[in-house]
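Undergrad:
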Amino acid sequence: MKDYSNFFNNVYEVVRNIPIGRVTSYGSIAKFLGVARSARMVGWAMNQAHILEDVPAHRVVNRNGRLTGKAHFAEINQMQKLLEKEGIKIENDEVVDFEKHFWDPSIELGFD
DNA sequence: CGATTGACCGAAG
DNA sequence: CCTTCGGCCAATC
Numbered sequence: 001m002k003d004y005s006n007f008f009n010n011v012y013e014v015v016r017n018i019p020i021g022r023v024t025s026y027g028s029i030a031k032f033l034g035v036a037r038s039a040r041m042v043g044w045a046m047n048q049a050h051i052l053e054d055v056p057a058h059r060v061v062n063r064n065g066r067l068t069g070k071a072h073f074a075e076i077n078q079m080q081k082l083l084e085k086e087g088i089k090i091e092n093d094e095v096v097d098f099e100k101h102f103w104d105p106s107i108e109l110g111f112d
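Note that this note's numbering has the first sequence beginning at 1, numbered continuously upward.
Right, here's the structure in full:
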């Protein structure tokens with residue numbers, strides 16, 4: 001049973017729970033929610049996220065650590081700017097030491 | 001309502 | 001390194 005109506009809601013909730021100075025990937029979120037093959041839906045969720053306020057979409061990148069969604073922000077450098085502000089270095093639109101800053105919801109949040 | 005697109009992922013060549 | 005393909009599903013045209 002998969003409540004896709006709640007799926008988007010869950011995505012936003014997970015993203016909100018991303019600690020400062022950490023980043024995660026769309027796939028990891030999707031996997032955490034049990035829809036590993038629907039990572040694109042996470043992307044769509046992010047697309048809708050811009051209407052929300054507590055959704056730090058800048059902390060969500062693709063599995064390469066690349067800022068694929070930067071073009072969707074109000075300003076192109078907004079995403080990189082926010083990340084660098086949190087102590088994450090960006091180089092060539094990619095997160096430096098991505099693995100080091102990577103935050104896996106399935107590990108950090110985990111299930112009870 | 002059919003076809004296309006998309007802030008993805010992974011595998012294959 | 002790059003391109004192509006299959007998969008998944010909502011939103012858009």
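Ideal Cβ placement from N, Cα and C applies to all residues, glycine included.
1. Given this structure, state the Cα-to-Cα distance separating Asp104 from Ser28, to the nearest angstrom.
2. Kindly confirm or deny that the segment 27 to 43 and the segment 71 to 88 touch, where touching means at least three C-beta pairs closer than 8 angstroms.
3. Quick one: what's got a C-beta closer than 7 angstroms to Glu84's C-beta in the same chain, skipping five residues either side?
4. Classify Asp112: buried if its beta carbon has 16 or more other beta carbons within 10 angstroms, exposed otherwise.
5. With a cut-off of 8 angstroms on the beta carbons, I'd call Pro56 and Val11 a contact; round off their distance for me.
TA: Answer, in terms of the structure:
1. If you number the first sequence from 1, residue 104 lands on position 104. If you number the first sequence from 1, residue 28 lands on position 28. Taking the straight line joining both Cα atoms gives about 7 angstroms.
2. With fewer than three CB-CB distances shorter than 8 angstroms, the segment 27 to 43 does not count as touching the segment 71 to 88.
3. In the first sequence, the residue the question calls residue 84 occupies position 84. Ile90, listed in sequence order.
4. Position 112 of the first sequence, counted from the start, is the residue given in the question as residue 112. In this predicted model, Asp112 has a pLDDT of only 46, less than 50, meaning its place in the structure is not dependable; the value taken from the coordinates is given anyway. Burial state of Asp112 is exposed, judged by a 10 Å Cβ sphere holding fewer than 16 other Cβ atoms.
5. The count along the first sequence starts at 1 and reaches residue 56 at position 56. The count along the first sequence starts at 1 and reaches residue 11 at position 11. About 12 angstroms; that fails the 8 angstroms criterion.
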